[in-house]
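Here is the structure we will look at, set down as structure tokens.
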Amino acid sequence: MNLAVLGATGSIGASTLDVAAAHRGRFRVFALTAHASADALLELCRSHRPRYAVLSGVSENAALERKFKEAGSELLFGRAALERVASDAGCDAVMAGIVGAAGLASTLAAARAGKRVLLANKEALVMAGALVMRMARESGAQLLPVDSEHNAVFQCFSDRRTVLKIILTASGGPFRSLPLEKLAAVTPDQACAHPNWVMGRKISVDSATMMNKGLEVIEARWLFDLAPERIEVVIHPQSIVHSLVEYVDGSVIAQLSNPDMRVPIAYALAHPDRIASGARALDLAAMKSLSFERPDHERFPCLQLAYAALRAGGTAPTVLNAANEIAVEAFLAGRLPFTSIARVIAETLESIPGSDAGNLDAVMQADAAARRKAGERILRGQAA
Ligand code: NAD
Ligand code: MG
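Under our numbering, the first residue of the sequence shown carries the number 37, and numbering increases by one thereafter.
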């Protein structure tokens, strides 16, 4: 199987290449992409020898092109090259591992081209779920969830008519038990120090606010075609149970593993087979306990904002996602307190009228309007 790894220099990219390299006879790396980190991408090309390498945030540069050529890869530049490799006839499967709205166009291109899409880029489904699902249906593309929760549900989901609900687990992040009055002063490094997972900085902040779980509720709505009231969230601090499916007879089926993204990635890569992932085996007896609790909505207002946007429908989730990206970026740059992330998102949602999200233009317009509004709100906050 020829594999394109979009976002190869990121955390998901590294785990994907690790699994693929352990099964070289089964997976051939066809393309690797990064936004701007040319050196890291070149290093990956030397080990994995893809036919194409893409630097989506760099304009043409002959010296770089030569270096990649020496490593055996043709280097392409600019955003359009992401869509080109994702839909290339020589590629069978696409790991959508770019973070944020920047991953939408290439995820859509892979879905339109009928590829096996390994979906890590949840923001694509949050922004434009109806569109992505429609494209995949029309082209026959296979959308396989990589997000650990959705991958777990996918593994436990059998007869959909008898599914009562799905239960997504959340770790609660680094601030699950921090005294509430201390939340306003937390730093980006504290927010990115996740107790169980090592991930990119944006998703780490999302986990700390629990917006990550909110985005995942919306992602689940599209992947499993369930109404919001049939998608539940429970806090599970150990991150061993990755999610559960409850059936009409009272049975609840769960998927468990050590927290290691190579498990869901290996499952999505090899589906319907199972292959070794490299993850450590689970030692049940060594674990003292697995605990569960309800999310605290005062501490984690972002979760409720995501449910509200999902219920409102149309472009509301697009607006939610864009405002979140702008607010998280400002928080990471030290321009916005942690507790204002939810406020910026709530005010942006209130100020932008919802519209239909059935076409890409409408989605991109809502995304741009939300980015503008959220940016203005952050600047006003700084001036005040
Ligand atoms: P990361 O920050 O580690 O890596 C992001 C990758 O995307 C890098 O290769 C980077 O070069 C590329 N990129 C960044 N901005 C870009 C742009 N504007 N255009 C093109 N490429 C760009 O992120 P990550 O943690 O690997 O997360 C990637 C995606 O997977 C996110 O959508 C995240 O929500 C999802 N996800 C991650 C994990 C995890 O464990 N890391 C788990 C579940 C889901
Ligand atoms: Mg997840």
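Even for Gly, the Cβ is constructed at its ideal location relative to N, Cα and C.
Being a predicted model, the structure only gives us computed values, none of them experimental.
Continuous alpha helix (DSSP H) stretch holding valine 421: start and end: It is not possible to answer for residue 421, since the shown part of the chain is limited to 37 through 420.
Nearest to alanine 312 (by Cα), restricted to the options Ala50, His59, Val41 and His272: Here residue 312 refers to the residue found at position 276 when the sequence shown is read from its first residue. The shortest C-alpha separation from alanine 312 is found at His59.
Check your reading: residues with Cβ closer than 7 Å to the ligand MG heavy atoms: So the residues near the ligand MG by this Cβ test are Asp183, Ser184, Glu185, Asn248 and Glu252.
Residue of Asp124, Arg335 and Ala382 minimising C-alpha distance to alanine 344: Locating residue 344 in the sequence shown gives position 308, counting from the first residue. If we check each option's Cα against that of alanine 344, Ala382 comes out closest.
Residues sharing a beta bridge with glutamine 178, DSSP: In the sequence shown, counting from the first residue as 1, residue 178 sits at position 142. Partner(s): Arg152.
Inter-residue Cα distance where the pair is glycine 61 and glycine 411: In the sequence shown, counting from the first residue as 1, residue 61 sits at position 25. In the sequence shown, counting from the first residue as 1, residue 411 sits at position 375. Each residue's alpha carbon lies about 48 Å from the other.
Distance cut-off 7 Å: histidine 278 Cβ against heavy atoms of the ligand NAD: As a working note, residue 278 is residue 242 in the sequence shown. Result no, Cβ not under 7 Å from the ligand NAD.
Where histidine 84 falls, given that 16 or more other Cβ within 10 Å makes a residue buried: Position 48 of the sequence shown, counting from 1, holds the residue named residue 84. Around the beta carbon of histidine 84, a 10 Å sphere encloses 16 or more other beta carbons of the protein chains shown; the residue is thus reported as buried.
Range of the contiguous alpha helix (DSSP H) that encloses arginine 298: Here residue 298 refers to the residue found at position 262 of the sequence shown. For arginine 298, the enclosing alpha helix (DSSP H) stretches over residues 298-306.
Short Cβ contact (8 Å threshold) for leucine 262 with histidine 278: Here the question's residue 262 lines up with position 226 in the sequence shown. Here the question's residue 278 lines up with position 242 in the sequence shown. At the C-beta level, leucine 262 and histidine 278 stay beyond 8 Å of one another.
Where leucine 305 falls, given that 16 or more other Cβ within 10 Å makes a residue buried: The residue given as residue 305 occupies position 269 in the sequence shown. So leucine 305 ends up on the buried side.
4 or more residues per run - each alpha helix (DSSP H) lying fully within the stretch 262-340: The DSSP assignment places complete alpha helix (DSSP H) segments of no fewer than 4 residues inside the stretch 262-340 at 298-306, in order along the chain.
Distance between asparagine 157 and alanine 132 (C-alpha atoms, nearest Å): Here the question's residue 132 lines up with position 96 in the sequence shown. Here the question's residue 157 lines up with position 121 in the sequence shown. Their Cα atoms are separated by approximately 6 Å.
Per DSSP, the bridge partner or partners of tyrosine 343: Stepping through the sequence shown from its first residue, residue 343 is reached at position 307. Checking the DSSP bridge columns, you'll see tyrosine 343 has no partner listed.
Closest residue to alanine 317 among Ser240, Ile276, Asp124 and Ala229 (Cα-Cα distance): Here the question's residue 317 lines up with position 281 in the sequence shown. For alanine 317, the nearest C-alpha among the options comes from Ile276.
Start and end residues, beta strand (DSSP E) containing glutamate 386: The sequence position of residue 386 within the sequence shown is 350, counting from 1. Taken as a continuous stretch (DSSP letters only), glutamate 386 belongs to no beta strand (DSSP E), being part of the alpha helix (DSSP H) at 376-387.
Same chain, Cβ closer than 7 Å to lysine 373, five either side skipped, listed in chain order: Taking the first residue of the sequence shown as position 1, residue 373 is located at position 337. One detail in the question is off: residue 373 reads as proline in this sequence, not lysine. Taken in chain order, the residues that qualify are Ala220.
Pair within 8 Å by beta-carbon distance, isoleucine 271 and proline 337: If you number the sequence shown from 1, residue 271 lands on position 235. If you number the sequence shown from 1, residue 337 lands on position 301. No, the pair does not count as a contact, with Cβ atoms beyond the cut-off.
Backbone secondary structure at glutamate 110 - three-state DSSP: Walking along the sequence shown from the start, residue 110 turns up at place 74. DSSP places glutamate 110 in strand when its eight states are reduced to three.
From Gly394, Gln274 and Leu118, residue whose alpha carbon lies closest to that of histidine 71: Locating residue 71 in the sequence shown gives position 35, where the first residue counts as 1. Among Gly394, Gln274 and Leu118, the Cα nearest to that of histidine 71 is on Leu118.
Valine 130 vs alanine 146 beta-carbon contact at 8 Å: Walking along the sequence shown from the start, residue 130 turns up at place 94. Walking along the sequence shown from the start, residue 146 turns up at place 110. Going by beta carbons, valine 130 and alanine 146 fall inside the 8 Å limit.
Cα-Cα separation, valine 189 to glutamate 282: On the sequence shown, position 153 is the one that residue 189 refers to. On the sequence shown, position 246 is the one that residue 282 refers to. Going by the C-alpha atoms only, they are around 10 Å apart.
According to DSSP, residues forming a beta bridge with threonine 205: Taking the first residue of the sequence shown as 1, we reach residue 205 at position 169. DSSP, once it has assigned bridges, lists Val270 as partnering threonine 205.
Continuous beta strand (DSSP E) stretch holding alanine 366: start and end: Counting from one through the sequence shown, the residue named residue 366 turns up at place 330. Here alanine 366 belongs to no beta strand (DSSP E); instead the alpha helix (DSSP H) covers 352-368.
Glutamate 268 versus Ile203, Asp285 and His307, residue with shortest Cα-Cα distance: Reading the sequence shown from its first residue, position 232 is the one you call residue 268. Nearest C-alpha to glutamate 268: Ile203.
Check: tryptophan 233 C-beta below 7 Å from any heavy atom of the ligand NAD: Here the question's residue 233 lines up with position 197 in the sequence shown. Under cutoff, so the answer is yes.
Nearest-angstrom Cα separation, counted from leucine 53 out to arginine 87: Against the sequence shown, residue 87 aligns to sequence position 51. Against the sequence shown, residue 53 aligns to sequence position 17. Approximately 15 Å between the Cα atoms of the pair.
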